[in-house]
Amino acid sequence: MIARPGTWLAALVVLLALVCSLDAFAQGKPQLQLQLEADTIGVGDVVHVQLGAQSSDGQPTEARLELPAGLIQRGQPSTSPTQTHININGNQMDRWGLTVDWAVQAQRVGVFTIGPASVVVGGTRFAVRGATLHVVPAGQAPLRQPPQQQAPSPFPFSPFDPWKGLIPGFGGQGFPQPDLGPPQPTPQQVTTDPKLALDAPRGALYFLHATVDKTSAVVGEQVTFSIYEYDDASDPSVEVQEDHEATTADFARQPLMRMDQNEGILAGYAAIGGRTWVVKLIQRWALFPLRAGDLVIGPKNEIVARPRSAAGPRTTETLTVHVTEPPAAGRPPGYALGDVGRFSLAAQVTPRDVDQGGAVGVHVELSGTGNVPSKIATPAREGIEWLTPEVHDQLGSIGHESFGGKRSFDYVVRLRRAGDVSLGELSLPFWDPDAKKYDVARASLGTVHVKPVANAPAASAGEPEETLPGLPPPVDKLEGEPARRAHLDDVPIFWLLGVASWPVAFGLAVGATRAGKRMSRAWSARRASPAAELKERLAAADVASEGSDARQVDAAVARALEAAAMAHAGVNVRGALGGEVAARLARAGVAEGAASRIADLLRECEMARFSPEGADVASARDRWVRARGAIRDLERRP
Amino acid sequence: MKPWLFALLASLVVAVVAMADRTARADDVETPAVLFAKGAQALREGRASDAITALEELADRGTVDPAASYDRGLAYAMRVRIGAEVPGDLGRAAHGFEEARDLTHDGKLAEAASRALAVVRSEVARRRTRAGEPVEVDAGRSLSRTVSSLLAEDTWCVLAAMGSAILAIGLFVRWIARARRLRAGAGVAAGLAAPVTLLAIAMALAARHDRLEEREAVVVAHGSRPSDERGMVVPGATTLPEGARVEVVESRDTRARIRFGRLDAWVPTGAIRELARWP
């Protein structure tokens, strides 16, 4: 059957539209690739999973990785965003990249699919299929090959070499490159990493910069210490003469870079102070704090000899790490300070049948990341003797980030008791810094059948002398807390009433008696005082002035004046004659007028009292009124 | 199935599951008595490490009991005896026995703890002799603490109250009496009561201070060298004997200031273990 031309044309138009739409879709989709550092690892090992995303439509963000049960993520993923903007003859070319590195630890044996992993570009999430990871028992994983220096990139686009593979003769895959040493890019060619940038260059043309991945840790927790070298990209001819290592006296130090990497690893490019710097990671150490406190990492020192314009010392920063002990709460028995990381134990006992007095071999493998302990507490039991183990280490860096590996202990265990002897369980308590909790790695040793031998050495045979002889037997019952009782001296009333009250009572009695006597004496003295007498005399004169006997009034007024002179001026004018009264008062500081008035009144009273015709009451009362005025004047005297 | 029958069966299933869960949870958390029994059982069977694990867990939970401390000391001593000694075991054994002796009100347990302590300290002394170090393991207590511990705290209190009363009455009688003999007798009584009262008050206060404030510890590290406040090793000072009882004066971060006899120095806190007291 032959179709009509119109039908073919319509089909062609539809096909073209479909192709165009697919092309458009393909342009918007980022390039994603998920890679595993190794496809087979042991239980407790950490594998790095890297997701690379490249897009020309926008910055990939929000990277996510799905992990199945049995695998856990260790720490936060390392994320490196990149941007490249190239303009060729007016044609703008933009590329955004994102590389995310997850550290994943295996917790059990099995085959797992890691992923899918996904990123968001322009509001849409794009995913890439997962990768398969085989997890085998600890220590049985094949040794990992160190990453090749010039490994081909899994990505067709490199942020450090946008021309790679595009222009023949400009490097890239398939084109041999001469060994030119560190790359010498021009500012227009490289993409700088903001994470490598600093506020200002620490030296001209060349400087050093040190970092730690954390500023607080617990004793034994890994602190990753990195030293970077910054070379001015425009002038790489720097000659360094002296080199002094950073001091880390309070830390146990393990290298995280291989011997063949002593020239450093290119970390990227940084824009600092308007210049582009080539950044190389030259040293990376896993530091394990040995004690608590503010521990100092001393600087690394170098001296630049050439060029002369930049000559001088270069040092890294002095860093401080605040180190504490893991919490005491929840600390398992047998925890040794410094056992920090993530560990697993595996043990093999051979043979399982042995004669009494014979020995079995116990092979223990301790694997994991962190400060791998150098000792394991063996289960001490009577009749079982653990000899000093032979220790083999396979420790080193794991992916430039963490330290760990495997440490094996080969024990010879002598069995002196017959029967089915349980060897017990090996356990290693440790602090997991990521989970922030204690955990215990365990390995059960099982039972060994020990055949009795008639002439086997006894449990204590061969011992020169018994250690700690004569220990008493154990007790089987808790005693319990005794009934709480208050002590006499805890009660304040005991001190007040029991001890202090007796002397206080005696003191009060003595004091009260003495005070009473003193008051009595004071009262008597007060009663005989001039003031008291004046008061009495004034009252008597008042009473007398209301009577009809003029002589009595004058006598009372005279006595009141005499008492007032005594009380207010301290002068005894009794018996003084004539001008002697005024003179005595004047000598006592009494004003002349007041003294004269008192002297006159005394004389008038004397005359009236002893006058033969007597005096009338009215004039006597008048004298009393004047006398009171004189007494008030005397009283007001300054 | 009828709805009411279904509801009844469902309720029964839920109840059984809930009870099983509750029982399982109760089994998960071991009581102090269960932990102690596990430790004591392990001790009887010669499983020193298991006994230590159980009894240390008991201590970590804050359980204070002289029997647990005593058995813990025995567990560490057993580990030494069976040749699986870990450095510090002798000190930890001494710590358990000292703690048991301090805490117990049972005369038999106190006697057993004292006997075990003597065995452990003899071993420490023997090793120090071999190493050419001073043998003195127990520096003893100061004179005032020795005197204050002669009588019970409450006895000192009663003595202080009686002395105070006699002093006051004697002075009062001497003050008011007219008869010469009576005055003399009252004066003598007051004169004797005054120093007795002062001594009793001082001893009661010292005993109270010891009870409430004093912190003591046992050296649980082998070869711990005393240092000064700056962390420099005290010149001429020998290592502290493992298992020695020391007074803790103060603690700072990872170091503690201790008194051992006439020695007043600093040691790492990990080198000593404080003696528990009744809460």
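Heads up: the protein sequence lines correspond to chains Z and W, in order. Heads up, the first sequence is in my numbering, so the first residue is 33 and it goes up one at a time. Heads up, the second sequence is in my numbering, so the first residue is 889 and it goes up one at a time. Don't be surprised by glycine CBs; every beta carbon is placed ideally from N, CA and C.
Between the CA atoms of residue j and residue i - distance to the nearest angstrom
{"i": "G389(Z)", "j": "Q139(Z)", "result": "39 Å"}
{"i": "R1066(W)", "j": "W1044(W)", "result": "34 Å"}
{"i": "L520(Z)", "j": "R980(W)", "result": "35 Å"}
{"i": "L991(W)", "j": "A515(Z)", "result": "13 Å"}
{"i": "F538(Z)", "j": "R1068(W)", "result": "20 Å"}
{"i": "E945(W)", "j": "A1053(W)", "result": "51 Å"}
{"i": "P113(Z)", "j": "I259(Z)", "result": "22 Å"}
{"i": "G102(Z)", "j": "T164(Z)", "result": "13 Å"}
{"i": "Q929(W)", "j": "T356(Z)", "result": "37 Å"}
{"i": "L228(Z)", "j": "Q115(Z)", "result": "14 Å"}
{"i": "S248(Z)", "j": "H354(Z)", "result": "5 Å"}
{"i": "R960(W)", "j": "S1030(W)", "result": "29 Å"}
{"i": "Q273(Z)", "j": "L230(Z)", "result": "25 Å"}
{"i": "P184(Z)", "j": "T279(Z)", "result": "Note that P184(Z) scores a pLDDT of 42, beneath 50, so its modelled location is shaky and nothing firm can be said."}
{"i": "T499(Z)", "j": "V968(W)", "result": "7 Å"}
{"i": "V613(Z)", "j": "I1064(W)", "result": "53 Å"}
{"i": "A947(W)", "j": "M1091(W)", "result": "32 Å"}
{"i": "Y367(Z)", "j": "F375(Z)", "result": "13 Å"}
Partner residues on chain Z for residue i, Cβ-Cβ distance less than 7 Å
{"i": "L1059(W)", "result": "F538"}
{"i": "T941(W)", "result": "P365, G366"}
Reduced DSSP secondary structure (H/G/I, E/B, other) of residue i
{"i": "T93(Z)", "result": "strand"}
{"i": "K549(Z)", "result": "helix"}
{"i": "H983(W)", "result": "helix"}
{"i": "R340(Z)", "result": "helix"}
{"i": "V1107(W)", "result": "strand"}
{"i": "M289(Z)", "result": "coil"}
{"i": "I970(W)", "result": "coil"}
{"i": "M1050(W)", "result": "helix"}
{"i": "H1097(W)", "result": "helix"}
{"i": "T1034(W)", "result": "helix"}
{"i": "S112(Z)", "result": "strand"}
{"i": "I1057(W)", "result": "helix"}
{"i": "L991(W)", "result": "helix"}
Residues bridged to residue i [DSSP beta-bridge criterion]
{"i": "N333(Z)", "result": "H276(Z), T347(Z)"}
{"i": "D264(Z)", "result": "W309(Z)"}
{"i": "W134(Z)", "result": "V81(Z)"}
{"i": "K438(Z)", "result": "S399(Z), Q426(Z)"}
{"i": "P1156(W)", "result": "R1143(W)"}
{"i": "A302(Z)", "result": "W309(Z)"}
{"i": "L68(Z)", "result": "V81(Z)"}
{"i": "V328(Z)", "result": "T352(Z)"}
{"i": "V472(Z)", "result": "P461(Z)"}
{"i": "V251(Z)", "result": "DSSP lists no partner for V251(Z)."}
{"i": "Y443(Z)", "result": "V394(Z)"}
Interface partners of residue i on chain W, CB under 9 Å
{"i": "W463(Z)", "result": "Result: empty, since nearest Cβ-Cβ is about 15 Å, beyond 9 Å."}
{"i": "A324(Z)", "result": "D1141, T1142"}
{"i": "E417(Z)", "result": "I970, G971, A972"}
Chain-ordered neighbours of residue i on chain W, where CB pairs are closer than 7 Å
{"i": "L503(Z)", "result": "L962, A965, A1004, V1007"}
{"i": "F257(Z)", "result": "Simply none; closest approach about 22 Å."}
{"i": "V507(Z)", "result": "A955, Y958, D959, L997"}
Cutoff 8 Å: residue i Cβ touching any chain B Cβ
{"i": "G1111(W)", "result": "The chain inventory of the structure shown lacks chain B, comprising the protein chains Z and W."}
Cross-chain neighbours of residue i in chain Z, by beta carbon under 9 Å
{"i": "S1052(W)", "result": "G530, V531, A532, S533, W534, P535"}
{"i": "R935(W)", "result": "P411, A412, R413, E414, S454, G456"}
{"i": "S1041(W)", "result": "In the sequence as presented, Ser is not what sits at residue 1041(W); that position holds Glu. Chain Z residues near E1041(W): H519, L520, D521."}
{"i": "H993(W)", "result": "E511, P514"}
{"i": "W1166(W)", "result": "E513, P514, R516"}
Chain-ordered chain W contacts of residue i [CB-CB under 8 Å]
{"i": "T499(Z)", "result": "V968, R969, G971, E1011"}
Touch test, the segment 271 to 291 of chain Z against the segment 305 to 319 of chain Z, Cβ-Cβ under 8 Å, three pairs minimum: The segment 271 to 291 of chain Z vs the segment 305 to 319 of chain Z: in contact.
At least three beta-carbon pairs within less than 8 Å, the segment 582 to 592 of chain Z to the segment 540 to 557 of chain Z: No, they do not touch.
Touch test, the segment 396 to 407 of chain Z against the segment 59 to 78 of chain Z, Cβ-Cβ under 8 Å, three pairs minimum: Yes, the segment 396 to 407 of chain Z is in contact with the segment 59 to 78 of chain Z.
contact_flag[the segment 450 to 457 of chain Z, the segment 154 to 161 of chain Z] where n(CB pairs < 8 Å) is 3 or more: Too few Cβ pairs lie closer than 8 Å, so no.
Contact between the segment 1117 to 1134 of chain W and the segment 1001 to 1012 of chain W (3+ Cβ pairs under 8 Å): With three or more CB-CB distances shorter than 8 Å, the segment 1117 to 1134 of chain W counts as touching the segment 1001 to 1012 of chain W.
Three CB pairs or more closer than 8 Å across the segment 326 to 343 of chain Z and the segment 301 to 311 of chain Z: Touching, no, given that fewer than three Cβ pairs across the two stretches are closer than 8 Å.
Given 8 Å, three or more beta-carbon pairs between the segment 601 to 611 of chain Z and the segment 565 to 579 of chain Z: No: fewer than three Cβ pairs fall under 8 Å.
Inter-stretch contact (C-beta, 8 Å, three-pair minimum) for the segment 917 to 927 of chain W and the segment 466 to 481 of chain Z: Flag = no, the segment 917 to 927 of chain W and the segment 466 to 481 of chain Z do not touch.
Any 3 or more C-beta pairs closer than 8 Å across the segment 556 to 574 of chain Z and the segment 1117 to 1127 of chain W: In short, these stretches do not touch, since the Cβ pair count stays below three.
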